[in-house]
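> Dropping the structure in here first, questions after.
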Ligand code: GDP
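Numbering (full-length UniProt numbering), first residue to last: 1 to 297.
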């Protein structure tokens, strides 16, 4: 299960604190030393860890006394609130254009789960927001990506726009938006091409698509299992493309948690969804508060 190691360590640290009637400054320091180690071991970015630990210390040491909680519980409450803030605080929703269709570019490296997530987001929008999305197959490089999207479209009984793998992705994207307007589809989800690594060609192509279709949302799909690599990928996509949101996939796996806890703080881009499995309905809105509670038990 995701966050298992981190959750176990934090809970063990906090169990010692919970019953304390009094918490001294050195108790807080001692506890935060353990929290710091647990976060670093969970592959959380070291700058993020530092900022987090300082924020908790500052609040926990000088905090006002609340009668309903023991001092130990109060420290834990501060940690919970700061963890929530670290992951973005409020839940961040997918964009909606003033005038339909809302154009969403799905970007990311190969294997991150981009094509699967495109279908998941389309399914989510129809099921929860009563929208009618059009998916566009602009990943012309990964063999089978286009077929995969068609298969998912059939499975969901949802339209897929494709021009095969000979047209340029930017033309496919433009064609899809035009088609959506014609058919009154209110969302266009463009499954763009990925690469194995971030490179200039990939970014150039994505920038061209961005310029051509002026997306309302650019969602980066990253694999939570890759830890700090996911954060580095998010940083470079954000610098070169300007992201509006992140989807963390494979949170059902045994990720240590580093990506979930670092992405927002490092890139200042909210995590909007979490992928919780391979099936099309295994996508959840990312709730920072629930995630923090899950980690703290
Ligand atoms: P793309 O190259 O980025 O388009 O990646 P795909 O959409 O083809 O996904 C790559 C693999 O990851 C596939 O086997 C997917 O089933 C799997 N995958 C995608 N999202 C998730 C997820 O949230 N959890 C799990 N366990 N697997 C996922």
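For each residue, glycine too, the CB sits at the ideal point set by N, CA and C.
With contact counted as at least three CB pairs below 8 Å, one residue from each stretch, are the region 112–131 and the region 167–180 in contact?
no
> Examine the ligand GDP and report whether any of its heavy atoms sits within less than 7 Å of the Cβ of residue 142.
yes
> List in chain order: all unbroken alpha helix (DSSP H) runs of 4+ residues lying wholly within the region 32–67.
Every alpha helix (DSSP H) stretch that sits fully inside the region 32–67 and reaches 4 residues is listed by chain position as 46–61.
> What do you reckon, are the CB atoms on residue 44 and residue 262 nearer than 8 Å?
yes
> Inspect the beta-carbon positions of residue 174 and residue 212 and report whether they are closer than 8 Å.
yes
> Considering only their Cβ atoms, is the gap separating residue 145 from residue 161 smaller than 8 Å?
no
> For residue 281, is the classification buried or exposed, using 16 other Cβ atoms within 10 angstroms of its Cβ as the cut-off for buried?
exposed
> So within the region 206–242, which uninterrupted beta strand (DSSP E) runs reach at least 3 residues, ignoring any that extend past its ends?
List check, beta strand (DSSP E) in window: 217–223.
> Residue 273 lies in the beta strand (DSSP E); which residues open and close that run?
271–275
> Quick one, which of 132, 238 and 250 has its alpha-carbon nearest residue 264's?
Looking at the Cα atoms, 238 is the closest of the given residues.
> Taking the alpha-carbon positions, what's the residue 217 to residue 23 distance?
46 Å
> Which one of 21, 255 and 191 has the shortest CA to CA distance from residue 228?
255
> Within this structure, are the beta carbons of residue 222 and residue 72 separated by less than 8 Å?
no
> Below 8 Å between beta carbons: does that hold for residue 13 and residue 41?
no
> Is the region 269–287 touching the region 241–252, taking contact as three or more C-beta pairs under 8 Å?
yes
> Between which residues of its own chain and residue 186 is the CB-CB distance below 7 Å, once the five residues before and five after are set aside?
100, 101, 102, 131 and 132.
> Excluding sequence positions up to five away, which residues of its chain have a Cβ less than 6 Å from the Cβ of residue 302?
No statement about residue 302 is possible, as the shown extent of the chain runs from 1 to 297 and does not include it.
> At a threshold of 7 Å, does residue 145 count as lining the ligand GDP (C-beta to nearest heavy atom)?
yes
> Cβ of residue 122 within 8 Å of Cβ of residue 156?
yes
> Can you give me the Cβ contacts of residue 95 inside the same chain, cut-off strictly under 7 Å, excluding the 5 residues immediately before and after it?
Contacts found: 102, 216, 217 and 244.
> To the nearest angstrom, how far is it from the Cα of residue 142 to the Cα of residue 2?
29 Å
> Using 8 Å as the threshold, is the C-beta distance between residue 271 and residue 105 below it?
no
> Could you check if residue 181 belongs to the surroundings of the ligand GDP, using beta carbon to heavy atom distance under 7 Å?
Answer for residue 181: no, Cβ out of range of the ligand GDP.
> Quick one: is the Cβ of residue 148 within less than 7 Å of any heavy atom of the ligand GDP?
yes
> If you compare alpha carbons, which of 231, 268, 192 and 81 is closest to residue 92?
Considering only alpha carbons, the answer is 268.
> Please return the same chain residues whose Cβ sits closer than 7 Å to the Cβ of residue 60, not counting the five positions on each side in sequence.
28, 75 and 78
> For residue 58, is the classification buried or exposed, using 16 other Cβ atoms within 10 angstroms of its Cβ as the cut-off for buried?
exposed
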